[in-house]
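So the structure is just underneath, and the comments pick up after that.
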Amino acid sequence: EKGTYPHYMLKEIDEQPAVLRKIIQAYQNEDGELHVDRETLDAINGADRIYIIAAGTSYHAGLVGKEYFEKFAGVPTEVHISSEFGYHMPLLSDKPLFVFISQSGETADSRQVLVRIKELGHPSLTVTNVAGSTLSRESDHTVLLHAGPEIAVASTKAYTAQIAVLGILAALASEAKGKTIGFDLIQELGIAANAAQTMVDRKEEMEGLSFDFLELSRNAFFIGRGLDYHVSLEGALKLKEISYIQAEGFAGGELKHGTIALIEEGTPVFALATQEAVSPNIRGNVKEVGARGAKSCIISMEGIQEEGDRIVIPAVHPMLAPLVSVIPLQLISYYAALHRGCDVDKPRNLAKSVTVE
Ligand code: M6R
Numbered sequence: 247e248k249g250t251y252p253h254y255m256l257k258e259i260d261e262q263p264a265v266l267r268k269i270i271q272a273y274q275n276e277d278g279e280l281h282v283d284r285e286t287l288d289a290i291n292g293a294d295r296i297y298i299i300a301a302g303t304s305y306h307a308g309l310v311g312k313e314y315f316e317k318f319a320g321v322p323t324e325v326h327i328s329s330e331f332g333y334h335m336p337l338l339s340d341k342p343l344f345v346f347i348s349q350s351g352e353t354a355d356s357r358q359v360l361v362r363i364k365e366l367g368h369p370s371l372t373v374t375n376v377a378g379s380t381l382s383r384e385s386d387h388t389v390l391l392h393a394g395p396e397i398a399v400a401s402t403k404a405y406t407a408q409i410a411v412l413g414i415l416a417a418l419a420s421e422a423k424g425k426t427i428g429f430d431l432i433q434e435l436g437i438a439a440n441a442a443q444t445m446v447d448r449k450e451e452m453e454g455l456s457f458d459f460l461e462l463s464r465n466a467f468f469i470g471r472g473l474d475y476h477v478s479l480e481g482a483l484k485l486k487e488i489s490y491i492q493a494e495g496f497a498g499g500e501l502k503h504g505t506i507a508l509i510e511e512g513t514p515v516f517a518l519a520t521q522e523a524v525s526p527n528i529r530g531n532v533k534e535v536g537a538r539g540a541k542s543c544i545i546s547m548e549g550i551q552e553e554g555d556r557i558v559i560p561a562v563h564p565m566l567a568p569l570v571s572v573i574p575l576q577l578i579s580y581y582a583a584l585h586r587g588c589d590v591d592k593p594r595n596l597a598k599s600v601t602v603e
């Protein structure tokens, strides 16, 4: 039920802080430590390489998940678009683990990959929001998102839930290997949940920015580096699928290799700058596009913000920044679609779960 909300999408954006808190609870044992069932952990620890398989927004969450598995646990991880993997299987490692990420658990392209890797005898783990979904039933292990039903076609709370759950799995894998991730994940996820609350409460401001940057635009660009690059892909997908504004997300360093040719007077560029190490580079990119007339909206974080940044998210652990920085992008897309009179929850040509290949 969407209750007093005009759209499910807005309700689901709003639910993100609560979902993060629910996840923290769901994956904690009575001693307050992170926990997941033994078999799932053994499956992760038994792998010499993780293959994440997903589509759309879930693929974008997988890109963030790769950083966690590699940085926290030291497990080499590849992320594949399911439809590509289904038809062009890469060379596999000796002991692969396949991690399927799917809100619905029904995506046909991902199911097809599961069928193939099962024929080859490889282990599988599904990270899904729907217990009892096909991917969950057919894979060896399941980890749930606890995001509650997601009704809007545009995925929002499932994305943040996927990132949080992948972070927890990677931290547990790290612990099992006798390593440390260097910070208290439970505490930092709590801080991220509070920061997410701050951002969902800034709707009016995001509506204003959406109006300023997108009212008259036919296109928009999203740039970032590192984790911010992954979030830029998600920001672009959100905007295009519900507002039909042509949007592209890409790595800031790629601008000069082609895309900068598209920058004209007034072209909107959303630039994510939450990662200190690469923030100067992304700010350099903003100057480059600015010199060609672009209108840039920098999304930075408290502590590394600079004058003129249009959106500054509260300080969170940099590895968890995607949980928070995506929220203004979700809201800006929502309002862009709303202002254009689009059917926000049911965009044209799209279905909530894509059950055909
Ligand atoms: O249910 P899934 O997570 O497997 O769905 C994957 C994509 O179809 C889905 O994320 C799609 O890209 C959304 N409409 C994005 O908002």
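Just so we're aligned, residue 247 is where the sequence shown starts under this note's numbering, counting upward by one. Beta carbons: idealized from backbone N, C-alpha and C, even for Gly.
* GLY332 - containing alpha helix (DSSP H), residue span -> 328 to 333
* Can you grab the Cα-Cα spacing for the pair GLU421 / PHE315, in whole Å? => 12 Å
* Check whether the Cβ of THR388 sits closer than 7 Å to any heavy atom of ligand 1, and report yes or no. => no
* **CB contact below 8 Å: ALA422 versus chain C** => Of the chains in the structure shown, none is chain C; there is only one protein chain.
* Asked: At what residue ranges does the stretch 334 to 410 contain a whole run of the alpha helix (DSSP H), taking only runs of 4 or more?
  -> 354 to 365 and 380 to 384
* Asked: Are the stretch 320 to 336 and the stretch 435 to 443 touching by the rule of at least three beta carbon pairs closer than 8 Å?
  -> no
* To do: State the start and end residues of the unbroken beta strand (DSSP E) segment that holds LEU518.
  => 514 to 519
* To the nearest angstrom, how far is it from the Cα of MET255 to the Cα of ALA583? -> 11 Å
* Going by CA-CA distance only, name the one from GLU313, LYS317 and LEU371 that's closest to ILE299. => LEU371
* To do: Quick one: give me the first and last residue of the beta strand (DSSP E) that GLN492 is part of.
  => 492 to 497
* Asked: What is the DSSP secondary structure of GLN274, reduced to helix, strand or coil?
  -> strand
* Asked: Can you find at least 3 beta carbon pairs, one from the stretch 316 to 329 and one from the stretch 264 to 281, that sit closer than 8 Å?
  -> no
* **Coarse secondary structure for GLY539, derived from DSSP in three states** => In the three-state DSSP reduction, GLY539 falls in the coil class, being neither helix nor strand.
* Specify whether the stretch 412 to 421 and the stretch 303 to 322 touch according to this definition: at least 3 beta carbon pairs, one from each stretch, less than 8 Å apart. => yes
* For the alpha helix (DSSP H) containing ARG284, list its first residue and its last residue. => 284 to 291
* Of the residues ILE488, GLU500 and LYS598, the one placed nearest LEU575, counting alpha carbons only -> ILE488
* If you check the beta carbons only, do ARG586 and ASN527 fall under 8 Å apart? -> no
* Near PRO560, what residues of its chain come up, given a Cβ to Cβ distance below 6 Å and the 5 sequence neighbours on each side ignored? -> ALA441, THR444 and GLU548
* Where does ALA519 land, buried or exposed, given buried means 16+ other C-beta within 10 angstroms? -> It counts as buried.
* Asked: Quick one, are the C-beta atoms of VAL446 and ILE290 less than 8 Å apart?
  -> no
* Compute the minimum distance between the beta carbon of LEU256 and the heavy atoms of ligand 1, and state whether it is under 7 Å. => no
* **Close Cβ partners of GLN262 (< 6 Å) along its chain, the five nearest in sequence each way excluded** => LYS403, THR406 and ALA442
* **Residues that TYR314 bridges to, as DSSP identifies them** => BP columns for TYR314 are empty, so no partner.
* If you compare alpha carbons, which of HIS368, LYS317, GLY394 and ALA398 is closest to TYR251? -> ALA398
* To do: In the DSSP assignment, find the beta strand (DSSP E) that holds GLY454 and state where it starts and stops.
  => Not the beta strand (DSSP E): GLY454 falls in the alpha helix (DSSP H), residues 449 to 460.
* To do: For the alpha helix (DSSP H) containing ILE488, list its first residue and its last residue.
  => 473 to 489
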